[in-house]
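Note sheet for the following structure.
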Ligand code: FAD
């Protein structure tokens, strides 16, 4: 095998080139995805090693990746399956934070009473992601790593001032959500990196959250959405963070509106969106419509932020 394809990692690395080699005749018969090799990573370190191969890509829940393969929008040379790595599917509370492993499925998170208490914003957002079949397989890490600009969880992570744990060839590192989302499907992840977990401050008694989105049908990607977090200080709000999704190439903080909301002025916050957001037209709506909807969502979310949790 190594003679035929010297670029492959050693067989001990667990790469199975069978798909590539056995199915070349099928390729000619137009199999949906382009040929690829497959390897099951035994550990995070093993996954990072496998990702050292040119054109390798992580496979998590496969809910986004497999569609892009089938449509030939991407053609990785090797899929590195991380599903069997132990310990990445846990939700844990540590030092005032809640840590969600990369392989925690959306449905698993949705069922977690601990998560609902420690991260109520995530709990509110999860039912809006796709449909039950997608949430059964899709992972939290996959959603953050894929970074679809209309996805719910990247915006929630940004609103909550969360962090992302990454393992790479130079070892582990942590990136703040503010620095993680770079552009359209572009993040701080390098081609040899594995996202291992996200970390959020656990909600305190003063924590306030708000979430709203507008989608044509429940479960569709949102036309516009808003995830928000703040801390109540008497009747005032401190540390207001508003993260919009579906309004640009990545989740966008509305900093002018955040300041106005902290001053208790909802009308001024809605007016400030004119300077905060510049959504492009897309297949869902024009930029002008999106901007109007962003104001509608802000009024709803401002109301939620003013309410103490039940
Ligand atoms: P995969 O598909 O396996 O991977 C996606 C990408 O992320 C790949 O490039 C992969 O290499 C990379 N990746 C995955 N995990 C890691 C990791 N740990 N480290 C490094 N890179 C990694 N999402 C929403 O947010 N909102 C929706 O409304 C929504 N609706 C959907 C509707 C449909 C019909 C479908 C098919 C999907 C929808 N999704 C939606 C996407 C869904 O949430 C996906 O599960 C998620 O975006 C990707 O997670 P995954 O585990 O399936 O990742």
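In my numbering, the protein residues as written are 262 to 571. Note that CB positions come from ideal geometry on N, CA and C, so glycine has one too.
Secondary structure of residue i, DSSP reduced to three states
i	result
residue 462	strand
residue 568	coil
residue 298	strand
residue 397	helix
residue 574	A question about residue 574 goes unanswered here, because the residues of the chain that appear run from 262 up to 571.
residue 371	helix
residue 405	helix
residue 315	coil
residue 415	helix
residue 355	strand
residue 550	helix
residue 334	coil
residue 422	coil
residue 365	coil
residue 508	coil
residue 454	coil
residue 263	Its pLDDT being 31, under 50, residue 263 is placed unreliably by the model, and nothing is read from it.
residue 544	coil
residue 340	strand
residue 475	strand
residue 538	coil
residue 480	coil
residue 377	helix
residue 391	coil
Buried versus exposed call for residue i [16 or more other C-beta atoms within 10 Å across all chains shown]
i	result
residue 471	buried
residue 369	buried
residue 571	exposed
residue 512	buried
residue 519	buried
residue 432	exposed
residue 457	buried
residue 374	exposed
residue 568	exposed
residue 348	exposed
residue 468	buried
residue 524	exposed
residue 437	exposed
residue 267	Low local confidence applies: a pLDDT of 33 at residue 267 is under 50, so the model's placement there is unreliable, with the coordinate-based value given in what follows. Exposed is the call here.
residue 273	Unreliable placement is indicated for residue 273, whose pLDDT of 44 sits below 50; the coordinate value is still reported in the next sentence. Exposed.
residue 572	For the chain, the structure presents residues 262 to 571; residue 572 sits outside this window and is missing.
residue 478	exposed
residue 262	In this prediction, residue 262 has a pLDDT of 30, which is less than 50 and means its spatial position is unreliable; what the coordinates show is noted afterwards. Exposed.
residue 454	buried
residue 440	exposed
residue 448	buried
residue 544	exposed
residue 293	exposed
residue 551	buried
residue 279	Bear in mind that a pLDDT of 49 at residue 279, under 50, signals an unreliable position, so the model cannot answer this.
residue 474	buried
residue 434	exposed
residue 393	exposed
residue 528	exposed
residue 542	exposed
residue 362	buried
Per DSSP, the bridge partner or partners of residue i
i	result
residue 447	444
residue 470	490
residue 526	According to DSSP, residue 526 bridges with nothing at all.
residue 429	432
residue 326	Answer by DSSP bridge pairing: none, since residue 326 is not bridged.
residue 349	In DSSP, residue 349 forms no bridge with anything.
residue 499	492
residue 437	424
residue 360	353 and 460
residue 320	342
residue 514	504
residue 305	Note: residue 305 sits in no beta bridge, so no partner.
residue 485	475
Check: residue i C-beta below 8 Å from any heavy atom of the ligand GDP
i	result
residue 315	As far as ligands go, the structure on display features the ligand FAD and does not contain the ligand GDP.
- Touch check for the stretch 483-492 and the stretch 501-508: three-plus C-beta pairs under 8 Å? Verdict: yes, contact present.
- Message: Tell me whether the stretch 323-331 and the stretch 400-410 touch, counting them as touching only if at least three CB pairs, one residue from each stretch, are closer than 8 Å.
- Response: yes
- Query: Is there contact between the stretch 340-347 and the stretch 307-319, where contact requires at least three CB pairs shorter than 8 Å?
  - Reply: yes
- Message: For the pair the stretch 384-395 and the stretch 358-374, tell me if three or more CB-CB distances fall below 8 Å.
- Response: Counting Cβ pairs under 8 Å, three or more are found: they touch.
- Query: Contact between the stretch 348-361 and the stretch 460-470: three or more CB pairs below 8 Å?
  - Reply: yes
- Between the stretch 530-540 and the stretch 548-565, do three or more beta carbon pairs fall short of 8 Å? yes
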